[in-house]
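Numbering (the numbering used here), first residue to last: 368 to 1449. Backbone N, C-alpha and C define an ideal beta-carbon position, used for all residues, glycine too. Right, one structure below, let's go through it.
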Amino acid sequence: MENASSKPSEIDTRSMMSMQEVDPSPVDDETPDLESGEYFPTKPIQRGVPESGSSIPKLGLRGYNWDTCLSMLQKYSTYPPTLFFGLHFTNTSLIPLVTRSVPASESYLLLTRPIYQSPSLEHLVLTVPVLIHIASGFALRNIRSSRRARLFGAENRSQRYLLKLWPRMSLQARVGYILSPLIGAHVLVNRVVPLVVDGGSSGIGLGYVAHGIARSPALWNVYYLVFVAAGVWHFVGGWASWMGWRVTTAWKERSNTKGSLEGCLGYMENGKRIKRQRKMWWIVNGIAAAGASVWLVGALGIIRRAGEGSAWESKSWNEMYRQKRFYCLTTHRVLAFLKREVPPFPRSERFQCTPCCQIALPVQRNYRSLSSVMAGLPQSRMANQLVQHSGKEYMTVKEGLAYILNPPAQNAASKATKKDLKADDESQSVFYNPIQQFNRDLSVLAIRAYGEHALAAKKQKAEKKKNKKFTGSGSVTGKKRKRGEEETEKNDEKERAVGNSSEPAPELHHEQKIPPSFTILDALSATGLRALRYASEIPFTTCVIANDLSSSAIESMKINIEYNGLEKLIRPNNGDARAYMYSAHNSTSTNVEGINTSKFDVIDLDPYGTAAPFMDAAVQGVKDGGLLCVTCTDAGVWASNGYPEKSFALYGGVPIKGSHSHEGGLRLILHGLATSAAKYGLAIEPLLSLSIDFYARVFVRVHRSPAEVKFVSGNTMMVYNCDSGCGAWSIQPLSQTRQRLDKRGNPFYHYGFATGPAAGPYCDHCGFKTHLGGPMWAGPLHNPHFIQKILDMLPGADREIYQTVDRIEGMLTTALEEDLDFSDPTKGSIPEQTDTVGQEAESTEYAAIIPRLDPATRDPHPFYFSLSGLSKVLHTSTMPIDAFRGAIRHVGYRSTRSHAKPNTVRTDAPWEIVWEIMREWVRQKSPIKPGALSTGSAGAAIMEKSRENLRKIDGANKLLSQLKNEIVSAVESGKDASDLVTKVEAALYRSGSKQALSQNLSEAQDAGQVEPQKNQAQVAASSKGAMSASPHLNLGTLEVVFDEALGREASAVHTKKRLVRYQINPRPNWGPLNRASGGQQP
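As C-alpha cells, this is what we get:
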C-alpha cells in the first residue's frame, strides 16, 4: 500500500450512501504541502497526455516537474536571508543587551553595515532571495489550485476561477503572507525614505529607530512586536519544515480526531509517533518564542529607552518620519482611486490585462526662487527646503529662530566623517557646524541675561544723573570724573539717537525717551548664524555687526541676512577683526557706510583654534562693564602637556598635566585675558567659565578700574603638580593681598610679596618630582548671580528654539555647585554683595542687575581630582562617588562635583585627609594583593603611611626605649667588664633585636646586589614624605565611614531632579570639523 502513510487530516465518516452527496474527489487528493517543501516525488508521474512545458528536459538525468523546482528554489532562497538576519539579530538585540547602551551599539552596527548594506551585497543577499521566495510561494499555490481544479473536472481557466479551490493555507503560509507587508513597511521607513529625503541611509541606525519609537510609541511598539514575532516564527518554522522536524503547524490538527483513519484502512500510526510529533512541536515553537523574546528585549527593551535623538539629528529624522506618512497616505489614496474608478475585469481576462499607467513615487523637491521667498510671509520659511538664488541651489537650515542657506555640497562636510565626503567636498568650507549648537544656545541665553543687567544698569545710571540735575547737586564741586566715563556717556547718547539708521545724530534733549542702545559684535561671523540668532532672539538688540575677513563669507552672510529679513539690525563688515576692534577704541560714531564703529556692549570671539590673537583688541573694543564671550578650541595646547612653549606664547602660562588639566586650561585663558586687560587699566570678572566637549567657553565682564587691576597679581598663581606620581598639587600665589585698617578704622588693601616656595621639588605624599605650571588665574571661575540668572530663564525657554536646554541646565547647575559655599547648606546659597550697585539690586525694579564680586576674592580650593585616578595610584577598585563624598562629609569637610569631567570631586579637605580616606578604603572595602604595589612607586609610598605601619613604628619605638632602659641599668649595675658584657647580651637576647638587626642587614645587602638603588634624593624625600604627616592632623585616630546615604544627601541638597550633567557624545567623531577655507566658520 503505497499511499497507506498518506493520512488526510479530515474525512467524512458518514454512511456510504452519503458519499454520493459529496463532490467527486478521490480520497487521496491531499498531496503533500508544496509550500513547505514536502513535495519531492519519488518518480515522475506518468500521464496519458503530458502537459507542455511541465517538466525540464532530462539530459540524461531524472526529470523534475515545475512544482518540484519551485519548491527547491523556495527552499534554497532562504539561505542568504538567514545569514543576514542572524547578523541583524546580533546587531539589534544581542549587542544592545550586552552594552546596555544605544550609542555603544551603534559602533558595531557601523562595522557591519558595509557588509550587508553595500549596493551589490544587499540585493544579492537580501532583496533578490526574498522576492524569489515570495514569488515561488505564489506560483506553488497557483499550481496546487490548478491541480485540484482538474480533479473536479475544470477544463479551462474560466472554469477554474468559478471554483474556490485555493488550498487551505497552513499557519506557516499565513505568517509568511502577514510578514510580507511588514517587511515592506520596514524597508520603506529605513531604506526608501532616507534614500529619497537624505540621499542615503548612512545616518540610519539604532538611534533613528529609538527616535521613531519615542515619537509614536503605541504605533511602533505594536508594529515591532508583530514584526519580530512573525519574522522569527516564520524563519524557525520554515527551517523546521525543511529539516523534517515538524509534521504539522497547528496544535488543533493534532488534537482533532474527527474523521481520523487511525486504526482503519490499514493506516499505521502508533503512540510513539504522536509523542515525537508533539515533542518536536514544543521544541520548534519554544525556539521561536525564545528567539522572539530575546530580540524584543534587546530591541524594545534597550533601544526603546534611548528616546529621541539630539537636536540636530531630530531635524532630519523628523522629516523622514513625516515623509513616511506622506508616502503611506499617497499609496493609500492611489489604491483607493484605482479601486473606485477602474472597472473590475472578468476573471477570464484578468491575467491578460496590462497596466495602462505608471505610478511614480512622489519625491518632494520644492524649488523656490529667493525672490519669491523674500516676498512671502515669514511663516513660509521652512527647514530643509531647497531654494534657488543666482542659479545656485541652497538648502535651508534652521537653528533657533534663524535660517541659513547651506549649499548642498556642504551637507556631507557638516557630518564630520570622511566617508560622507565626496571628492569635490574636500575643498568646500564648513558652513554649518551642528556640534556648536549648545555653544550658540548658551551664548544667546547668557547675552540675554547680561543684556537685561546692562539695560537696568543704564536706566539706573540715567535716573541718578537726572535726580542729581533736579536737586541742583551738579553745581557742588565733587570728585572729578574720568575721561573714559564722559566719553562713554556721550557715545551712549549718540547711539540712542542714531538707533538703526545711518543718518547723522541730531541734537538731543535729555527729556526725550529714547530706548538705550545694545550693540553686539560677532567678530568672526562666517555665515552670520550667531549674528542672526542674536538679532532675532534677543528683543532689545539695537545693532549687530557681523564681521569676517573672507569676502565669500560676507556674500553668504548677506544672502542669509536678506533671507531672514534682518537688514535693519545686522550690518556685515568685511575686514580684519583686530583692526576693526582697535578702530572702535577711538571712534565715537558711525562710518560713511552706516556701520557702527564705537565700542560694543558685547563682543563674541569664536575662532577656529585659539582666540589669543584677538584678546588685546577685544578688551579695548568693549565698553566699560561690557561682556566678552570667548571660545578656544585648541584644547591640545591649553589642556595637555604636549606644547608648553606654545601655551606660554599664546596665554602667558604653562599648562598642567593630569585629570584637572581642563580647569587649568580655563585658568590659562582667563590669565591671558586678565594680563591683556591690565595693561590698559581694565579688570576682568569671570561670569561663567566652562570646559565643553573639545573647547572652552568663557564669559567675562570687563571693568575700567585701575584700582582693581592691582588685584591681578594676587589672583595669579603657580602650581606645583605631582603629575608623574600621586597626582597631588599645591599652589603658590605670586603676591599677597591683605586687608588692613587705617588710622580711622577704614579697611584698605595692602599688596606685598608672597612667601615661597609653597612646596619642595618632591611631593610630600609620594616623594616623586613635582612640575611647575602657570602662571594662571587664581580667582573664581564663575559669578553665581549670573549663573542663577540664566537658570531662572530656562523654565520659560522654548524648547523648539533652544533644543539643548536640558544640557544647559545640567552643566550650569553643576558649575553653580562648584562653589563650596553654595554647596554647603549651612551657608547662604549666594555670596554677599560687595558693592553699592549690588545692594540696590534688591529692589524689584533693578532685580536684573548682576552684582559684582569682590575683586580681591581668590578661589581657596581650585581644581578637582578624579576618583579613578586616585584608585589607579593604589591599584584598587574605584570608590563610588557617593561613598567618597559621604566619608568627606563625615570627617567635617565639604565636597562637590566639577562640570568638566564626570566622577570628579572638588573639596576643601587637604591631601592628607584625601589619601587617608583612600587608605581606609583599601583597608576596609577593597584590599589589594600583597606585592601589587612595587617598591618605589607612588602607591607604595602612600600606603606606607597606613595605620598598620604607624602602629608598627610605635611598637618598635616602645621596644627601643625598653632596651635602652635595660642597657642603662646594666651599665650602672655592672661590676666589671665581663659582667657588663653579659648583662648587655642578655638584654639584647631578650629584646630579639640582635637577630632582627642581622637579618635586616643581610636582606639589605642582598637587595643592594640584585636591584640598583634609586636616586638618593628621591629615596630620602620618599621616606620623609612617607613617615611624616601634618602636625595638626592625627590621621591615626581619624574615623572614616563610607556612608553613601550621607553622600547622596550632600549631592541632593540643591537639586531634586535628574539632570543631564555630563552628556554622552551623540555620535562618533564628536569634535571639531575641518578648518574652513577662507576663514569661514559658523
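Closest to residue i by CA distance: which of the options is it?
i, options, result
"Ile-501", "Arg-514, Glu-473, Ile-545 and Leu-488", "Ile-545"
"Gly-1119", "Gly-1094, Phe-1078, Ile-1154 and Trp-1096", "Phe-1078"
"Gln-987", "Glu-934, Ala-1041 and Ser-1014", "Ala-1041"
"Asn-509", "Gly-579, Leu-573 and Ser-438", "Ser-438"
"Asp-1188", "Gly-1414, Asp-1226 and Lys-1156", "Asp-1226"
"Ser-1408", "Arg-1252, Pro-1147 and Gln-1329", "Going by the sequence as given, residue 1408 is Val instead of Ser. Selected option, being the one with the closest Cα: Arg-1252."
"Leu-332", "Arg-1425, Leu-994 and Ile-670", "There is simply no residue 332 to check, as the chain begins at 368 and stops at 1449 in what is shown."
"Ala-1145", "His-1038, Pro-448, Asn-652 and Thr-1243", "His-1038"
"Ala-1164", "Lys-990, Ser-884, Ser-1058 and Gly-767", "Gly-767"
"Phe-1115", "Glu-1012, Gly-1009, Ala-1223 and Lys-642", "Ala-1223"
"Val-593", "Phe-451, Leu-549 and Leu-562", "Leu-549"
"Arg-945", "Ala-979, Pro-1128 and Gln-803", "Ala-979"
"Arg-1068", "Pro-1128, Asn-1113, Asp-1090 and Asp-991", "Asp-991"
"Pro-1053", "Gln-1170, Met-948, Thr-1000 and Pro-1218", "Pro-1218"
"Lys-469", "Leu-573, Tyr-770, Arg-1111 and Arg-1264", "The amino acid at residue 469 is misidentified as Lys; the sequence shows Val. With distances taken between Cα atoms, Val-469 lies closest to Leu-573."
"Lys-1331", "Lys-1312, Ala-1308 and Leu-1355", "Leu-1355"
"His-820", "Val-563, Tyr-1213, Leu-498 and Ala-920", "Tyr-1213"
Give me, in chain order, the residues of the same chain whose beta-carbon lies closer than 6 Å to that of residue i; leave out the 5 immediate sequence neighbours on both sides.
i, result
"Leu-1035", "Trp-1005, Tyr-1018, Gly-1020 and Met-1143"
"Thr-616", "Only weak support exists for where Thr-616 lies, its pLDDT of 41 falling under 50; the value from the coordinates is given anyway. Ser-537, Leu-538 and Gln-539, listed in sequence order."
"Ile-1255", "Ser-1262, Thr-1274 and Ala-1276"
"Gly-543", "His-601"
"Gly-658", "Val-599"
"Pro-1269", "Tyr-1429"
Please state whether DSSP places residue i in a helix, a strand or coil.
i, result
"Leu-562", "helix"
"Gly-665", "helix"
"Pro-391", "Residue confidence is low: Pro-391 scores 40 on pLDDT, short of 50, so the model does not pin down where it sits. Its coordinate-derived value is still stated next. It is coil, neither helix nor strand."
"Met-1143", "strand"
"Met-1085", "strand"
"Asp-943", "coil"
"Val-599", "helix"
"Pro-924", "It should be pointed out that residue 924 corresponds to Met in this sequence rather than to Pro. Three-state DSSP puts Met-924 in a helix."
"Thr-1245", "coil"
"Thr-763", "strand"
"Ala-769", "strand"
"Glu-752", "According to the sequence as given, residue 752 is Gln; it is not Glu. It is coil, neither helix nor strand."
"Leu-573", "helix"
"Ser-1262", "strand"
"Tyr-1429", "coil"
"Thr-886", "strand"
"Pro-775", "coil"
Can you list, in chain order, the residues of its chain whose CB lies under 7 Å from that of residue i, leaving out five sequence neighbours each side?
i, result
"Leu-1405", "Val-1258 and Glu-1283"
"Asn-1088", "Ile-1023, Lys-1024, Gly-1025, Trp-1096, Thr-1137, His-1138 and Gly-1140"
"Thr-1246", "Residue identity check: residue 1246 is Met in the sequence provided, not Thr. Cβ within range, chain order: Leu-1234, Ser-1238 and Trp-1288."
"Trp-1278", "Ala-1095 and His-1132"
"Ile-654", "Val-603"
"Ala-1371", "Per-residue confidence for Ala-1371 stands at a pLDDT of 44, beneath the threshold of 50, marking its modelled position as unreliable; the derived number appears in the next sentence. Excluding sequence neighbours, Ala-1371 sits near nothing in its chain."
The ligand NAP heavy atoms versus the CB of residue i: any closer than 7 Å?
i, result
"Asp-1249", "With respect to small molecules bound, the structure shown includes none, and the ligand NAP cannot be examined in it."
Report all residues from its chain with a CB closer than 8 Å to the CB of residue i; omit the five preceding and five following residues, and keep chain order.
i, result
"Ala-1126", "Tyr-1087, Ser-1097, Gln-1099 and Thr-1137"
"Gly-1048", "Arg-1071, Ser-1072, Pro-1073 and Val-1076"
How about residue i: is its C-beta nearer than 8 Å to some C-beta of chain C?
i, result
"Ala-890", "Of the chains in the structure shown, none is chain C; there is only one protein chain."
Determine contact between the region 1163-1178 and the region 1060-1073, defined as no fewer than three beta-carbon pairs at a distance below 8 Å.
-> no
With a cut-off of 8 Å, do at least 3 Cβ pairs link the region 934-942 to the region 972-984?
No: the two stretches stay apart, fewer than three of their Cβ pairs being nearer than 8 Å.
- [ ] Go through the region 889-913 residue by residue and report every complete run of the alpha helix (DSSP H) that reaches 4 residues or more, in order.
- [x] With a minimum length of 4 residues, the continuous alpha helix (DSSP H) runs that stay inside the region 889-913 are 896-904.
**OP:** Could you tell me which uninterrupted beta strand (DSSP E) segments, each at least 3 residues in length, are contained entirely in the region 1032-1104, listed from first to last along the chain?
**Re:** 1049-1059, 1062-1071, 1083-1088 and 1096-1100
- Message: Just to confirm the assignment: which complete beta strand (DSSP E) runs, minimum length 3, are found wholly within the region 949-1027?
- Response: Residue ranges of uninterrupted beta strand (DSSP E) with 3 or more members, entirely inside the region 949-1027 and ordered along the chain, are 967-972 and 989-999.
field: Sequence ranges, beta strand (DSSP E) only - wholly within the region 1267-1346, length at least 3
entry: 1271-1274
### Task
Mind listing, in chain order, the continuous beta strand (DSSP E) runs of no fewer than 3 residues lying wholly within the region 1128-1193?
1138-1144
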